[in-house]
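Going by UniProt numbering, the sequence shown opens with residue 1, and the numbers climb by one from there.
Ideal placement from N, C-alpha and C gives every residue a C-beta, glycine not left out.
Below: one structure, written as structure tokens.
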Amino acid sequence: MFVGRTAELASLRAELRAAGGGSARRAVVEGPEGIGKTALIHHALDGEAGVRVLAVSGEESERGLRLGVVRQLMDEAALLDLGTGERPAAGGGARGQSAAGAPGEIAAGAVGGVPGEIAAGAVGEVDPWVAGQAVCEVVARLSALETLAVVVDDAQWVDRASLRALCYVLRHVRPGRVLVLVACRDLADPWLPEGLRRLLAGDGALLVALGGLSASELAELAADPVVTAERRERGAYVSPTDAAKEALTALRADGRWPDARSPGSRLDGRLPDARPSESRLPESRLPESRPSESRSSESRSSESRPDGQWPDGQWQNGQWQNGEWPDLRSSGAWSDGWPGTAWPEVRRSDVASAARRLRAHTLGNPLHARALLATLAPATLADQGVRLPAPETYRRPFEGRLHACAPATRRLVAACAVLGGHCPLHVAVAVATGIDEPLNTLEEAVTAGLLRELPGRLVDFPEPLARAAAYDGIGAGTRARLHLAAARLADDDGAALRHRAAAADGPDEALAEELARFAAKAAQHGLWQEAAAHLDLAAGLTESPARRDELRTAVLEHVLIGGDVIRAAELAAVRNADPRPVRRYVLGRLALAAGRFDEASELLAEAWRHTEPGFAADVAEQLSWLHLVTGNRAEAAHWARLSAEQPIAGPVARPYDVLALGGAPGVSAPSGSLAEGVAHLALDEAGQACAALKRVVTAAGAAGLPHHRLLATALLAVAEHGLARWDEAVAHAEAALAEAAALGQRWLLPWLDAACVAPLAAKGEHERAHAHAVAAGAAARRMRHVAGERQADLAMALLGAADLPAGEPGGGLAAAWHDGAPPGQRPGGDPPEVRPLAGAGAGAGAGAGAGADGDAGADAGEGAGASGRAGAGAGAGADACADAGVWGGFVPDPRPARIEALVADGRLEEAERALEAYDRGAEPTGRRTQAERIRLTGLLLAARNVPTRAEEAFGRALDLAGAGGCPLEEARVLLDLGRLLRRTGRRKAAAGRLGAARAIFDRLGARPLVERCAQELEACGLEPPATVRLGLTPQELSTATLVAGGLTNRQIARELLISVKTVEYHIGKIYTKLGIGSRVALAAKLAAYGREVAFPASEAG
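Listed below in structure tokens is the structure:
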């Protein structure tokens, strides 16, 4: 199976086509062993009609055979000339002897004029240049018939005389249909003659340098049926679940098991009554099972053991001996549905995690990656706690080089392997012992390719596989001795403990407790993943099963707090009989982060019922987050306050952040918390919010709390959007989104996607903005994330793609914040009973807002020139929004844009009602918000033909925006004022205002608003209209700008309310007038005439 290399294949095939056109071409494919050079060449040439391939290859053991490769080439040419063989595959030529046993006389007679000494093997006295001339004649004759590809593979092993002959061929080959392809590991290899290197690297030569495959390409390689079959034959499974899934996949493949998508399929994840036959299951020795502890296994005590574990028994002959089969769906194996055709026996998260680990371990080398895929179970590859070995394809040559070195060198390499690489040379020498000349020893290791020297006399392995191969080759006793020596020399307590653990030969309770104490110190410094690693080592050294399970629960908690939800889910699937309530809390926290809110509700409720003071604050905080995302802000506030009131504060609990995001005042929040930044956003103080949130991002990073850092980063993007720093806002929001997705923090995705919308829309990138809004809604609906759904609805409303979402009745949460006791609080301060969430989320659907208006005016759909489609239902929606009590969050308030759209459409009564409803909401707290509301009043007055009062309103708004340091709102006021002045006949004054507005918009990068200013300036008659400069009619100009903006003909027809045929007619006329023939050329043409005609007019609204 060939994957990836799309660009490289296209380059080689382009060279082949150029050669077919009569131009002799040369190309070199460079890359390390196993990187896929031969496969790439074979794939590029395979199936090409009218192409002959003359393929030869060097061999390390035959590098001393003079002109051996030239003779190979002559033999292959004889076969092609006689037509006695199939076209040889690239790299498949004979090595050092006549192909197919062709007699020397036949070969000599077949090549026409070739010296008989070469073909017959008497090459001792033949000059390489004479041999090169003979090869040139053969190539010329064969290329006269059809295109000829001459392939020289493994050039680093070709004998010197043949390389010189090849150099002659490249210099003197006649112009014709010839492509010479050379494959080598390193073009700078001193074995290659200097002249040959110059020819292959010079002008006119194609150099294809191959790197490793990407993680996604390795995942595709893992789906190769050949790899899957090899893994099945080797029995590479780690649990009964893996074996059962593989068996079911095989059953489905031969029609004995129904596809889940077919009628009558079982969708509950259980096996039917008919058991697969024993012959269908791998006959491999299976280690202890690793069942899941997700909701299905832990919380449904009526369907499983009380401790939530798998039934007792042993996996033999294809089933549990007590007759019960594992519930594959509850184990999370098929959480996204039944397995498909790509790597069917593992979860999708395992695929991604395994592919990433495989990429880092093998650097994407296909040969070694494929070898590991065939020998290791996917779950093993995905398990961060398992050290990956070196495959046989790498280990054998590495050991060969290692054993050829002196004993001192072998000891140095072993010491470096134990130290982990990247260590000082003197430390490695001290660990190894018995090395008298360290520099000479290091030189030998570097020359053999075993180690590499770094600046500062540091030593490391050239690649991860080298360290794995070196470590695998150390005996157990030697390895323990080296680890103990490394522990004595370590200047870091954690490193010393890790070395001692690696040297342990059995349970060691004292060492386990030392590791646990060190982990506690690491956690205090925010090093959660490091703490988890030490706790995992402690669990392995503990003899007591109960204590081991407690430590593994702690490992799971630390990994989860450290943000890696994917890794935490893998750990949760390991069998654990820890009966303590804290495990329910940890599993509930995992379910919340993974977006499984019903499961999180059950687990956290049970944890709270049996809570202990040490983690009560953390449980209450997680319940507050749960109620926030499911839309019940009152309960979220209650649980957040309850968490803050606990006598023992949780080490990572941030209840004030929940209060702030739910709309509560942040007066009691500690300084430097997320709540401080949210409070500034609520007061419309974007500058102060930006500074505070940057501090929060830094602090959360230092504390090792990714989910708080990601939320703070998203809100930082909101603040930057309010300051019109759209590029920074987009960069921060999309970076947070990508990191959350990589960590598996699914519960954050709707909010983070929504945070990307406003700054992208402000820049005029509506397609990207719309994609984020759609993704936010889809993710929220999948999880029943009510707060995320509301933010997604607001994002769609901001883009004009949906009506405003209805607000919650009764003033929402506002009254609750000002009552002394939140709803649900029992008299006397007792907490209410915790009940599992029901339905599609408890409580009214309210968004998780920042309690601020945000920056309402940055989307490109705003303004009096906006399309009328945005105004549908604005009146009622605005009323509902006003009743909602609390606004803000990750999306700016879309109501101002709706009001502008209604004014632009002439629906003034609706606009006035919407403005009144907007004014009835929360009092404007910042100058920008006040300026915005006054500007909207001015727009309405101007539309009602009351220019004097409108101009006064614009003047007040301009003063407020300027005093508040709000350049975007200031420019908007200038634009609206300039439009008013132009329409009342004061064109010169209008031009001054419009020019100032355009300068600000241009500086901010608001391309659609720049276009709107240009249109108004054209209307003032102070600069030539675009129609005059381009020679187009107004309708043709509108069509051209939309085409340049990337819209399809159908989209343009909808935008301009004309037929698709008319759009096609206009495009034809435009092409003729401008002398162009493509949409790309049209976009370039418009850009050349200035930015004001380079963007669609529709985007200005």
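Helix, strand or coil for residue i? Go by DSSP, reduced to three states.
i: E76; result: helix
i: R13; result: helix
i: Y237; result: Per-residue confidence for Y237 stands at a pLDDT of 45, beneath the threshold of 50, marking its modelled position as unreliable; no derived number is given.
i: P366; result: helix
i: V51; result: strand
i: V718; result: helix
i: P455; result: coil
i: P190; result: coil
i: S335; result: Bear in mind that the predicted position of S335 carries a pLDDT of just 35, short of 50, making it too unreliable to give a figure here.
i: E1064; result: helix
i: residue 1169; result: Summary: the structure shown does not reach residue 1169, with the chain confined to residues 1 through 1101, and so no result is reported for it.
i: D598; result: helix
i: V574; result: coil
i: V1010; result: helix
i: L179; result: strand
i: T147; result: strand
i: A1019; result: helix
i: C423; result: strand
i: R174; result: coil
i: C405; result: coil
i: E59; result: coil
Please say whether residue j and residue i have beta carbons closer to each other than 9 Å?
i: A519; j: A538; result: yes
i: E952; j: G938; result: yes
i: T393; j: A377; result: no
i: V56; j: V152; result: yes
i: C405; j: D460; result: no
i: R982; j: A971; result: no
i: L659; j: A689; result: no
i: R185; j: P366; result: no
i: K37; j: L200; result: no
i: Q745; j: G563; result: yes
i: A140; j: Y168; result: no
Do you know how far the Cα of residue j is from the Cα of residue i?
i: L458; j: T433; result: 17 Å
i: E509; j: L551; result: 12 Å
i: L960; j: L974; result: 12 Å
i: G400; j: A577; result: 47 Å
i: Q825; j: T630; result: Residue confidence for Q825 is low, a pLDDT of 36 falling below 50, so the modelled location carries little weight and cannot support an answer.
i: L587; j: A382; result: 20 Å
i: G355; j: A219; result: A small fix is needed here, since residue 355 is Ala in this sequence, not Gly. Their backbone Cα atoms lie some 5 Å apart in a straight line.
i: R1003; j: T929; result: 22 Å
i: D154; j: E444; result: 25 Å
i: P389; j: G34; result: 17 Å
i: A797; j: G22; result: 60 Å
i: A607; j: A379; result: 30 Å
Exposed or buried, residue i, counting other C-beta atoms within 10 Å across all chains shown (16 or more means buried)?
i: E437; result: exposed
i: S299; result: Below a pLDDT of 50, predicted positions are generally treated as unreliable, and S299, at 37, falls in that range; no measurement from the model is reported.
i: K1061; result: exposed
i: E345; result: With a pLDDT of 38 at E345, under the threshold of 50, the predicted position of this residue should be treated as unreliable, though the coordinate-derived value follows. Looking at its Cβ environment, which holds 16 or more other Cβ atoms inside 10 Å, E345 is buried.
i: D46; result: exposed
i: H426; result: exposed
i: Q524; result: exposed
i: H361; result: buried
i: N440; result: exposed
i: L207; result: exposed
i: V226; result: exposed
i: P894; result: buried
i: P750; result: buried
i: L1086; result: buried
Return the Cβ separation of residue i and residue j in integer angstroms, given the expectation that the two are a contact with Cβ distance under 8 Å.
i: G931; j: A957; result: Note that residue 931 is Ala in the sequence shown, not Gly. At roughly 4 Å, the Cβ-Cβ gap stays under 8 Å, so A931 and A957 are in contact.
i: A617; j: A649; result: 6 Å
i: D657; j: H708; result: 7 Å
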